[in-house]
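Note sheet for the following structure.
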Amino acid sequence: FVQSTHGKTHLCYEGYSYYCHHTNPDDSKYWKCVKKYCRVGVTTYANGTTKRSADHDHTPNETDKEVLNIRQNLKRKVVESSSLIDSTLDETYVNLQSPTLSQDLLIQLPSIATMKNNLQKERRKTREPLPKNINDLPYPIPPNYQKNQSGEQFILYDGPIAGSRCIIFSTPSDILYLSQSEMWYCDGTFYVCPSIFYQIYSVHGYNNDGIMASYVFCSLPGKSEELYRGMFEKLFNHMIQMNLCVRLRRVTIDFELAVANVFIKHFPYVEVKYCLFHFGQNLFRKFQNLGTYQSASCSIIILTIASCFRLTVGIQNDEQLRTWFRSFAAVALLPLTLMIFGFNYLMQNKPNYPQLTSFLQYFHDTYVAFSSFPPPTYNHFVNFSPPTTSHVEGRYLKWKKRSTSAHPNIYCTIDLLRQEQSLGAFSSVRDHMGAPQPKRRRNQQIAENSLQKLWQRFCEQKLDMVSFLNAAGTRYFKYLEG
1 FVQSTHGKTH LCYEGYSYYC HHTNPDDSKY WKCVKKYCRV GVTTYANGTT
51 KRSADHDHTP NETDKEVLNI RQNLKRKVVE SSSLIDSTLD ETYVNLQSPT
101 LSQDLLIQLP SIATMKNNLQ KERRKTREPL PKNINDLPYP IPPNYQKNQS
151 GEQFILYDGP IAGSRCIIFS TPSDILYLSQ SEMWYCDGTF YVCPSIFYQI
201 YSVHGYNNDG IMASYVFCSL PGKSEELYRG MFEKLFNHMI QMNLCVRLRR
251 VTIDFELAVA NVFIKHFPYV EVKYCLFHFG QNLFRKFQNL GTYQSASCSI
301 IILTIASCFR LTVGIQNDEQ LRTWFRSFAA VALLPLTLMI FGFNYLMQNK
351 PNYPQLTSFL QYFHDTYVAF SSFPPPTYNH FVNFSPPTTS HVEGRYLKWK
401 KRSTSAHPNI YCTIDLLRQE QSLGAFSSVR DHMGAPQPKR RRNQQIAENS
451 LQKLWQRFCE QKLDMVSFLN AAGTRYFKYL EG
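Per UniProt numbering: the sequence shown = residues 1 to 482.
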């Protein structure tokens, strides 16, 4: 049986195609040949037997069935996914090219332009026009986008948060896995976010077996503290409704105060940690930009740029300056109680560059006690779980490669999120079934082992603080690069 171009069921039997003419009282069906002037019919019975009434006056044509199958598969792809129709068509027609391609099939296939027009009509039947703003987005989301690739409900919440519409994507099984994760890693991305939203914010869970997977995706219209609070409250409330025990004890984020404030103010039992990579990145960015905005005077600007250039060249050519900066970043790897001693030592023994005074003032205003980011939030001493959100950003990079363009339409984004959810579910199921852990990158494993040895030697007092900072500073950057 195949579907005709009008959605009717056709019977393919002995190389001929038939349409259903009527159903008999005994539940058997009578089918007539699709050729207009052919009067041959076929009766199919409930027990699977088939009876033909006469012989056809024309030759059989197996190509009809192949053409209908190709058209049916194309319609299914267009309805079930949001990939570009042009790409889907091109891929299908290119794959048909082979030495065994029959001329009959080539002739009977519609042209690409005709097929594209038909497929566009099919897609318009199953969804509303693409929304130009968030108010045009259908509510609820069309049914064929409410479930994941396995048929599970994929829309966890679709409604207002802080006065604006937000959509939270997740499945019941993913919420279960996330509730069992003691460590969450959160970050947002903009490239694959539809233009009608501001960002896609994802929540990843990490377990003791070293498996990290994405469990929640949120389409958010902004990045305010109220939005983040409402989003996390929806997650926790859903877990409570499912009678789940929330084991979360630490969340690792980039340096976004709005997210940190949500946990500090409303979920104080959760420890907030800032990404080690972003900590080093922030320091180095400030290190490079020292003095570029100190004055509007032309002469001073020239002087400042020149001094900045000297500092940038210095870190490339001056081994002492390079070691000092790496040691400064590595203070985050010292025990929390010793961080102040590490900073004091480095301030008293800084290289002879006047710009470092501005750098130290920036650090004092931003990263010391009672500042925006106090030391406990970025201290990673003996932290054997991932200290960065690099895994999350790595996933975002793969999303970018899979996306057809920047800021795709909402339906393309949902397709991408469903693919990501399916990959995460696969990893989670393998882990729960006791499958072996995936191999880690060799450079990353070497870096982690080196840091652990340095921590052990330091705790055993076989390494003094200065030597630890020098060694960990070099390893710190190699770890980030891994």
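All C-beta atoms in this analysis are idealised placements derived from N, C-alpha and C, irrespective of residue type, glycine included.
Would residue 18 and residue 24 be called neighbours here (beta carbons separated by less than 9 Å)? Their beta carbons are not under 9 Å apart, which means residue 18 does not touch residue 24 by this criterion.
Per-residue DSSP class, three states only, for residue 38: Shown here, residue 38 sits in coil according to DSSP, grouped into three states, outside any helix or strand.
In angstroms, rounded to a whole number, what distance separates the CA positions of residue 432 and residue 206? About 13 Å.
Report back the beta-carbon spacing between residue 421 and residue 148 to the nearest angstrom; my notes put them in contact at under 8 Å. Rounded, the Cβ-Cβ distance is 5 Å, consistent with contact.
Which whole-angstrom value is the C-beta distance of residue 257 and residue 371, which I expect to be below 8 Å? Contact check for residue 257 and residue 371: beta-carbon distance about 11 Å, past the 8 Å limit, so the pair fails to qualify.
Exposed unless 16 or more other CB atoms sit within 10 angstroms - verdict on residue 49: Exposed, by the Cβ-count rule.
Endpoints, beta strand (DSSP E) assigned at residue 219: Start and end: 212-220.
Tell me which residues share the same chain as residue 198 and place their Cβ nearer than 7 Å to its Cβ, disregarding the 5 neighbours each side in the sequence. If we look at residue 198 and ignore the five residues flanking it on each side, its Cβ neighbours are 220, 221, 222 and 223.
Compare the C-alpha of residue 245 against each of 191, 176, 234 and 287 and name the closest. Considering only alpha carbons, the answer is 176.
Can you give, in chain order, each stretch of the beta strand (DSSP E) that sits fully within the region 265-296 and has at least 3 residues? Within the region 265-296, the beta strand (DSSP E) runs of at least 3 residues that lie entirely inside it are, in chain order, 271-274.
Is the Cβ-Cβ distance between residue 185 and residue 264 less than 9 Å? Here residue 185 is not near residue 264, since their CB atoms are 9 Å or more apart.
Taking residue 64 as the reference, which of 16, 341, 368 and 445 has the closest Cα? Of 16, 341, 368 and 445, the smallest CA-CA separation from residue 64 is found for 16.
Classification of residue 326 by the beta-carbon crowding that lies within 10 angstroms, buried from 16 upward: When all chains shown are included, residue 326 counts as buried.
In the region 355-403, which residue ranges form an unbroken alpha helix (DSSP H) of at least 4 residues, counting only runs that do not cross its ends? Runs found: 356-367, 375-378 and 390-402.
Over what stretch of residues does the beta strand (DSSP E) that includes residue 331 continue unbroken? Residue 331 -> no beta strand (DSSP E), and no H or E assigned at all.
Rounded to the nearest angstrom, what separates residue 160 and residue 368 at their Cα positions? The straight-line gap from Cα to Cα measures roughly 38 Å.
Where residue 454 falls, given that 16 or more other Cβ within 10 Å makes a residue buried: Flag for residue 454 reads buried.
Leaving out the 5 sequence neighbours to the left and right, which residues in its chain are closer than 6 Å to residue 189 when beta-carbon positions are compared? Apart from sequence neighbours up to five positions away, the residues of its chain that approach residue 189 with a beta-carbon distance below 6 Å are 200 and 396, ordered along the chain.
Within 10 angstroms of its Cβ, does residue 94 collect 16 or more other Cβ (buried), or is it exposed? Exposed: under 16 other Cβ atoms inside 10 Å.
Considering only the alpha carbon of each residue, which of 167, 283, 153 and 217 lies closest to residue 137? Taking only the C-alpha atoms, the option nearest residue 137 is 167.
Comparing C-alpha positions only, which one of 12, 27, 22 and 26 sits nearest to residue 35? The shortest Cα separation from residue 35 among 12, 27, 22 and 26 belongs to 12.
Exposure label - residue 354; buried when at least 16 CB within 10 Å: Residue environment analysis places residue 354 among the exposed positions, since fewer than 16 neighbouring C-beta atoms fall within 10 angstroms of its C-beta.
Residue range of the beta strand (DSSP E) that includes residue 21: Per DSSP, residue 21 belongs to the beta strand (DSSP E) from 16-23.
Distance between residue 14 and residue 26 (C-alpha atoms, nearest Å): Roughly 24 Å separates the two Cα atoms.
Among residues of its own chain, excluding the 5 on either side of residue 356, which ones have a beta-carbon nearer than 6 Å to its beta-carbon? Result list for residue 356: 350, in chain order.
Assigned exposure category for residue 471 - 16 Cβ within 10 Å defines buried: With 16 or more Cβ atoms within 10 Å of its Cβ, residue 471 is classed as buried.
Give me whichever residues DSSP pairs with residue 186 in a beta bridge. Beta-bridge pairing links residue 186 to 203.
Find the nearest neighbour of residue 67 within the set 3, 465 and 287, judged by alpha-carbon distance. If we check each option's Cα against that of residue 67, 3 comes out closest.
From what residue to what residue does the alpha helix (DSSP H) around residue 172 run? Residue 172 -> alpha helix (DSSP H) spans 172-179.
Kindly identify the DSSP beta-bridge partner or partners of residue 157. Note: residue 157 sits in a beta bridge opposite 168.
Taking C-beta to C-beta, are residue 399 and residue 259 nearer than 9 Å? Not a contact, by the Cβ cut-off of 9 Å.
Run the CB neighbour count on residue 78, radius 10 Å, all protein chains shown included, and call it buried at 16 or more, exposed below. Burial is judged here by how many other beta carbons sit within 10 angstroms of a residue's own beta carbon; residue 78 has at least 16 and is buried.
Taking Cβ positions, are residue 425 and residue 150 nearer each other than 9 Å? Yes.
Between the beta-carbon of residue 381 and the beta-carbon of residue 287, is there less than 9 Å? No, Cβ-Cβ distance for residue 381 and residue 287 is not below 9 Å.
Residue 245 - DSSP class collapsed to helix/strand/coil: The three-state reading of DSSP puts residue 245 in coil, since its state is none of H, G, I, E or B.
What number of angstroms, rounded off, separates the C-alpha of residue 498 from the C-alpha of residue 210? Beyond the ends of the chain as shown, which are 1 and 482, falls residue 498; an answer cannot be given.
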